[in-house]
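*Asks:* Structure provided below as structure tokens; questions to follow.
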Amino acid sequence: MKEFSGSLGGLPWRGYLVERVEDLPKFLEWVRRQRGTTCFDTETLGLGIYHQARKMGRSFVRLSQFGNATEAWAIPVELGRPFYHAARTALIELPALTGHNMISFDGLASDKHLGVSLEVICSKSTDTMITSKLLDPRPPEAGGLGPKLKPQAAFYIDPSAPDTQDGLTKHFNSLGFTKETGWAGIDIFDPLYVEYALLDVILGARLLPVHLAELERLGVRKELLDYEHEISRICATMSRAGMLVDKEYTEGLYDTLDADYQRNFEIVQSYGVLKLGSPDQIAKALLESGEELTERTDAGNLKVDKSVLLHLCDRNDKWERIGGRTPNPLAEAVYHAKRASKWRTAYVDTFLEEMDEDGYVHCNINTLQARTGRMSVTRAAVQTLPSRDMMIRRCLLADPGEAVISVDFSAIEMRVLAALADVRRMKEAFANDEDIHWFTARLVAGEDATEYHRKKYKTVGLGKVYGGGVTTLARQSGAPEADVQHAINTYNRLYPEISRSSKKWTRQAYQNGMVHISATGRRLPLDRKRTYAVVNYACQSAARDVLGQSLIDMDAAGLLPYLRLPIHDEVLAFAPTGEVEEVEREIRKCMTMDLFGVPITAEGEIGKRSWGSLYGADF
DNA sequence: CTTCTCACG
DNA sequence: ACGTACGTGAGAAGT
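Numbering of the first sequence is given in our numbering, commencing with residue 138 and proceeding in unit increments.
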């Protein structure tokens, strides 16, 4: 056994590294003495819970740490069964746990590699990542502390708390490792590695009570904290289930996209462009080919983005000819090469890289990522797969004998806006199950309302939710500014409650230290220069909480085993073909509710085995 | 590390 | 009085 000690925030701490099997009884005695909440953390080979251990042929969990405010233990799980069993016993026997991002990372890692299920972990855990996001959801660049342990510890515990993440990276580098290779490569008994591992649980154990006290001081309801832990468990369960990669199709797609890229990049090169990702070089070559470029980026450079390229190709975004000019072959090649390259690297490569031994990808769902509380999904970013073309979604499959189900909320943000701002005429429209944009168009143009009117007022309605101005809406819709201005004025007359609520929410935020309190009691800090964003924050965050509540209802209805992904206003599920209709109906039922007198409704779709089947694929 | 670009809701 | 589209993840290039 090796001992460590130090002092943080004026309070000493001691740490113990178990080196031999004979040290384990002392650890287990300590475990049995713990009455309060114990912090749990793991040091692993990396982030790839589901594929890394197999690829490297090693124990994924290297070190497992447990600690309270003053004492911490490090168990070298990778050394073998007795150590693994001690960590497992501790996880099972400890009465209450905390940890930083522990549910979606350490919880899933324990589920996969330590013989302790996610359910057991979740039944007694409080995650300080969740408490930190409820205190302030902003990343550091937006003025918040950010969720990392270091700034949290520095602010809430001790300004001189060491930056264990940054410090470890530097230590890795000094030993000849990189940030990535260090996790797997460092000696399990390296003193600094172990000391930082011990410090992490000491800090985590101290962070929880301070966070909880702060949440109480700020009046954040306990119910919101419980609600977020339920959502975290539900989403981690979806990650664990994963989605099957159609390996044969995906490898074929890799080759297709690669060939597409090669072919088009050769054409691009023949115009003297060496780097496809260099807007400078592309702009120069286009100018030399006789084109005129007028649009500029925020930084003042010539813009050569997708819309500019499509225009030069004489195509719309569905790749249909516009018929206004002769297509520029360089623009066509750049467009195709960039698309093939992005789709291959961002999606296809990631699927093949992240696949586990059985061919499943287990994406990481960050349940409170955005400052509005919205979720994000990484490794792979499956919330952003191309939807106009089915080829990427075609890579992901339900299990044999199953089919995909997708259920969407109908116009959720407009409904949430009507509910939160108490917009009388909108509420009437939704009560009658009207299409809100047709409704608005008919209010203005009567029976003469056309698709053109609907589109115009849809743009304005969305602009309201986002807080957009005349210029942007005009650019976005292609309509003249005067037209758009008139439509906005009309909209404001029809639905005066929107501006009224916006002003009220802004005023209240000022009184509340520039924080908007959402309908569910979430704290949403505003930027002083963009207070108009309060309408968007209120709507986006309430829409997210409607989704969250529906997920909790789905779990209660026994539907969790079918769920695979939350996508902002949509839920993706897989079910045996004999049950799809019933599962779709039950999910839809959970997504149907009342929000302050506004009916929230949903529509479902049933496909075949691949996700792409919902986008036109025939399998 | 910042900028640009592009994929989504 | 004025004027503001919101929120993400990811890769490549250039500083």
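Note that beta-carbon positions come from the ideal geometry of N, C-alpha and C, so glycine has one too.
#1: Check Gly283 in the structure and name its three-state DSSP category.
#2: Return the bridge partner residues of Cys176 from the DSSP annotation.
#3: Secondary structure at Ile654, three-state DSSP: helix, strand or coil?
#4: Report the rounded CA-to-CA distance for Glu215 versus Asp178, giving the unit in angstroms.
#5: In or out: Ser655 buried (at least 16 other Cβ within 10 Å) or exposed?
#6: From the DSSP output, in three-state form, read off Ile779 for me.
#7: In the DSSP output, what is Lys139 paired with across the bridge?
#8: If Val672 sits next to Ser639, beta carbons under 8 Å apart, how far is it from one beta carbon to the other, in whole angstroms?
#9: Taking all protein chains shown into account, decide if Gln648 is buried (16 or more other Cβ within 10 angstroms of its Cβ) or exposed.
#10: Taking the alpha helix (DSSP H) that Asn673 belongs to, which residues open and close that run?
#11: From the DSSP output, read off the bridge partner residues of Thr181.
#12: Along the chain, where does the beta strand (DSSP E) containing Phe711 start, and where does it finish?
#13: Please report the residue range of the alpha helix (DSSP H) in which Arg660 lies.
#14: From the DSSP output, which residues share a beta bridge with Asn501?
#15: Which partner residues of Asp264 appear in the DSSP bridge assignment?
#16: Report all residues from its chain with a CB closer than 7 Å to the CB of Gly658; omit the five preceding and five following residues, and keep chain order.
#17: Sorted by chain position, which residues of the same chain lie with C-beta nearer than 7 Å to Asp397's C-beta, five sequence neighbours on each side aside?
#18: Start and end of the beta strand (DSSP E) containing Met380?
#19: Just tell me which of Arg612, Ala224, Met528 and Met730 has its CA closest to the CA of Thr387.
#20: In terms of residue numbering, what span does the alpha helix (DSSP H) encompassing Asp337 cover?
#21: Where do the ends of the beta strand (DSSP E) carrying Phe546 lie?
#22: State buried or exposed for Asp383, treating a residue as buried only when at least 16 other CB atoms are found within 10 Å of its CB.
#23: What's the gap between the Cα of Thr374 and the Cα of Gln677?
#24: Just confirm the distance between the C-beta atoms of Pro213 and Val155, as a whole number of angstroms; I'd bet it's less than 8 Å.
#25: Along the chain, where does the beta strand (DSSP E) containing Leu732 start, and where does it finish?
#26: Put Leu430 into one of helix, strand or coil per three-state DSSP.
#27: What are the boundary residues of the beta strand (DSSP E) that includes Leu702?
#28: Contact check, Val597 vs Ala624 under 8 Å by CB: the rounded distance?
#29: Quick check on DSSP: helix, strand or coil for Leu439?
#30: Using a Cβ distance threshold of 8 Å, determine whether the region 435-443 contacts the region 503-512, with at least three qualifying pairs required.
#31: Exposed or buried, what is Ser142 when buried is set at 16 or more other beta-carbons lying within 10 Å of its beta-carbon?
#32: Whether or not the region 294-308 and the region 157-171 are in contact is what I'm after, with contact meaning three or more pairs of Cβ atoms, one per stretch, closer than 8 Å; do they touch?
#33: Out of Arg681, Ala616 and Ala566, state which residue places its alpha-carbon closest to the alpha-carbon of Gly590.
#34: Can you tell me the Cα-Cα spacing of Met551 and Leu234, whole angstroms?
#35: Expressed to the nearest angstrom, what Euclidean distance is found between the alpha-carbon atoms of Gly379 and Ile404?
#36: For the region 175-189 against the region 244-256, are there 3 or more C-beta pairs whose distance is under 8 Å?
*Replies:* If we stick to the structure as given:
#1: Reading the first sequence from its first residue, position 146 is the one you call residue 283. Residue state, collapsed to three classes: coil.
#2: Your numbering for residue 176 matches position 39 in the first sequence. Partner(s): Gly204 and Thr235.
#3: Along the first sequence, read from residue 1 onward, the residue named residue 654 stands at position 517. Strand at Ile654.
#4: Position 78 of the first sequence, counted from the start, is the residue given in the question as residue 215. Position 41 of the first sequence, counted from the start, is the residue given in the question as residue 178. A direct Cα-to-Cα measurement between Glu215 and Asp178 gives close to 15 Å.
#5: What you label residue 655 is simply residue 518 of the first sequence in a count that begins at 1. Burial of Ser655 is indicated by the presence of at least 16 other C-beta atoms within 10 angstroms of its C-beta.
#6: Past the boundaries of the shown model lies residue 779; the chain is included only from 138 to 756, so the question cannot be answered.
#7: Your numbering for residue 139 matches position 2 in the first sequence. The secondary-structure analysis by DSSP pairs Lys139 across a beta bridge with Leu154.
#8: Stepping through the first sequence from its first residue, residue 672 is reached at position 535. Stepping through the first sequence from its first residue, residue 639 is reached at position 502. At roughly 5 Å, the Cβ-Cβ gap stays under 8 Å, so Val672 and Ser639 are in contact.
#9: Counted from its first residue, the first sequence places residue 648 at position 511. Label assigned to Gln648: exposed.
#10: Stepping through the first sequence from its first residue, residue 673 is reached at position 536. According to the DSSP assignment, Asn673 belongs to the alpha helix (DSSP H) that extends over Val671 to Ala693.
#11: Taking the first residue of the first sequence as position 1, residue 181 is located at position 44. For Thr181, the beta-bridge partners assigned by DSSP are Val198.
#12: For the purposes of this step, residue 711 is identified with residue 574 of the first sequence, where counting begins at 1. First-last of the beta strand (DSSP E) with Phe711: Glu707 to Pro713.
#13: Residue numbering aside, residue 660 sits at position 523 when the first sequence is read from its first letter. Premise fails: Arg660 lies in the beta strand (DSSP E), Arg660 to Pro662, not in any alpha helix (DSSP H).
#14: Looking up residue 501 in the first sequence gives position 364. Answer is Thr515.
#15: Counting from one through the first sequence, the residue named residue 264 turns up at place 127. Per DSSP, the beta bridge partners of Asp264 are Gly236.
#16: By one-based count along the first sequence, residue 658 stands at place 521. Excluding residues within five positions, the ones whose Cβ falls inside 7 Å are Val357, Arg358 and Leu361.
#17: Here residue 397 is taken as the residue at index 260 of the first sequence, counted from 1. So the qualifying residues of the chain are His473 and Ala477.
#18: As a working mapping, residue 380 is identified with position 243 in the first sequence. In this chain, the beta strand (DSSP E) harbouring Met380 covers Met380 to Val382.
#19: Here residue 387 is taken as the residue at index 250 of the first sequence, counted from 1. In terms of Cα proximity to Thr387, the closest of Arg612, Ala224, Met528 and Met730 is Met528.
#20: Indexing the first sequence from 1 puts residue 337 at position 200. It spans Pro328 to Arg354 - the alpha helix (DSSP H) in which Asp337 sits, taken as one unbroken run.
#21: Counting from 1 along the first sequence, the entry for residue 546 is found at position 409. Here the beta strand (DSSP E) through Phe546 covers Glu539 to Phe546.
#22: Counting from 1 along the first sequence, the entry for residue 383 is found at position 246. With 16 or more other Cβ atoms within 10 Å, it is buried.
#23: Numbered from its first residue, the first sequence carries residue 374 at position 237. Numbered from its first residue, the first sequence carries residue 677 at position 540. Cα-Cα distance, rounded: 24 Å.
#24: On the first sequence, residue 213 is found 76 positions in, with the first residue counted as 1. On the first sequence, residue 155 is found 18 positions in, with the first residue counted as 1. The pair is a contact, with the Cβ atoms about 6 Å apart (cut-off 8 Å).
#25: On the first sequence, residue 732 is found 595 positions in, with the first residue counted as 1. Where Leu732 is concerned, the enclosing beta strand (DSSP E) starts and stops at Met730 to Leu732.
#26: As a first step, residue 430 must be located in the first sequence, where it is residue number 293. Under the three-state reduction of DSSP output, Leu430 falls in the coil class, being neither helix nor strand.
#27: As a position in the first sequence, residue 702 is number 565, starting the count at 1. That run of the beta strand (DSSP E) goes Leu700 to Pro703.
#28: Counted from its first residue, the first sequence places residue 597 at position 460. Counted from its first residue, the first sequence places residue 624 at position 487. Their Cβ separation, rounded to whole angstroms, is 5 Å, which keeps Val597 and Ala624 in contact under 8 Å.
#29: Within the first sequence, the letter at position 302 stands for residue 439. Look at Leu439 here: in three-state DSSP terms it is strand.
#30: With a cut-off of 8 Å, the region 503-512 and the region 435-443 do not count as touching, because too few Cβ pairs lie within range.
#31: Numbered from its first residue, the first sequence carries residue 142 at position 5. Counting every other CB atom within 10 Å of its CB across the protein chains shown gives Ser142 a total below 16, marking it as exposed.
#32: Taking a cut-off of 8 Å for Cβ pairs, the region 157-171 and the region 294-308 do not touch, as fewer than three such pairs fall below it.
#33: What you label residue 590 is simply residue 453 of the first sequence in a count that begins at 1. It should be noted that the sequence gives His, not Gly, for residue 590. It is Ala616 whose Cα lies nearest to the Cα of His590.
#34: Numbered from its first residue, the first sequence carries residue 551 at position 414. Numbered from its first residue, the first sequence carries residue 234 at position 97. For Met551 and Leu234, the distance between alpha carbons rounds to 40 Å.
#35: Looking up residue 379 in the first sequence gives position 242. Looking up residue 404 in the first sequence gives position 267. The C-alpha of Ile404 is placed about 39 Å away from the C-alpha of Gly379.
#36: Touching, yes, given that three or more Cβ pairs across the two stretches are closer than 8 Å.
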